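Visitor: Below is one structure. I have some questions about it.
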Amino acid sequence: MIKSNPAATIDEYISGYPESVQQQLQEMRATIRQAAPDAEEAIKYGIPTFVLKGNLVHFGAFKNHIGFYPAPGGIEEFKEELSAYDGDKGTVRFPINKPLPLALITKMVKFRVQKNLEKAKKK
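Residue numbers (this note's numbering): 292 to 414.
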């Protein structure tokens with residue numbers, strides 16, 4: 292699903308997808324929001340982003356998957372639990388036709404919050 296105009300808000304981004312995909316995107320958003328209540332929502336790189344002392348996580352919908360971008364450290368930390376999913380250095384792809392692993396996403400977001408706060412303290 293290619294958009295000619297990038298969305299300005301996460302609501303606008305989500306509304307551009309079919310209902311079944313919207314549901315998954317809303318689940319992803321709610322899960323991130325719960326795991327990182329102090330994070331702010333933004334659109335960066337054309338996709339929904341949560342920011343807390345820097346970029347926290349990004350996510351987006353694609354033809355066959357929901358992409359989740361917890362930075363390379365987030366992938367490395369959970370590589371065993373993520374082994375069932377396709378992905379690479381900073382990305383994991385959750386199949387669009389299966390339920391999202393919300394408990395795993397929660398753990399990954401909390402890990403990223405911790406890392407961003409630690410990094411901010413060092414500055």
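For every residue, glycine included, the Cβ atom is placed at its ideal position computed from N, Cα and C. Since the model is a prediction, treat every value here as computed from it, not as a measurement.
#1: Suppose contacts are defined by Cβ-Cβ distances below 7 Å. Is Pro339 in contact with Ile301 by that definition?
#2: Thr322 and Leu373: beta carbons closer than 7 Å?
#3: Give the list of continuous beta strand (DSSP E) stretches no shorter than 3 residues that lie fully inside the region 310-388.
#4: For Pro363, which residues of its own chain have a beta-carbon under 7 Å away from its beta-carbon, when the five flanking residues on both sides are left out?
#5: In the DSSP assignment, the alpha helix (DSSP H) including Lys410 goes from what residue to what residue?
#6: Starting from Tyr304, trace the alpha helix (DSSP H) both ways and give me its first and last residue.
#7: State buried or exposed for Gln317, treating a residue as buried only when at least 16 other CB atoms are found within 10 Å of its CB.
Guide: Straight from the coordinates:
#1: yes
#2: no
#3: 331-335, 338-342, 346-352, 356-360, 377-379 and 382-386
#4: Lys380 and Gly381
#5: Leu393 to Lys413
#6: Ile301 to Ser306
#7: exposed
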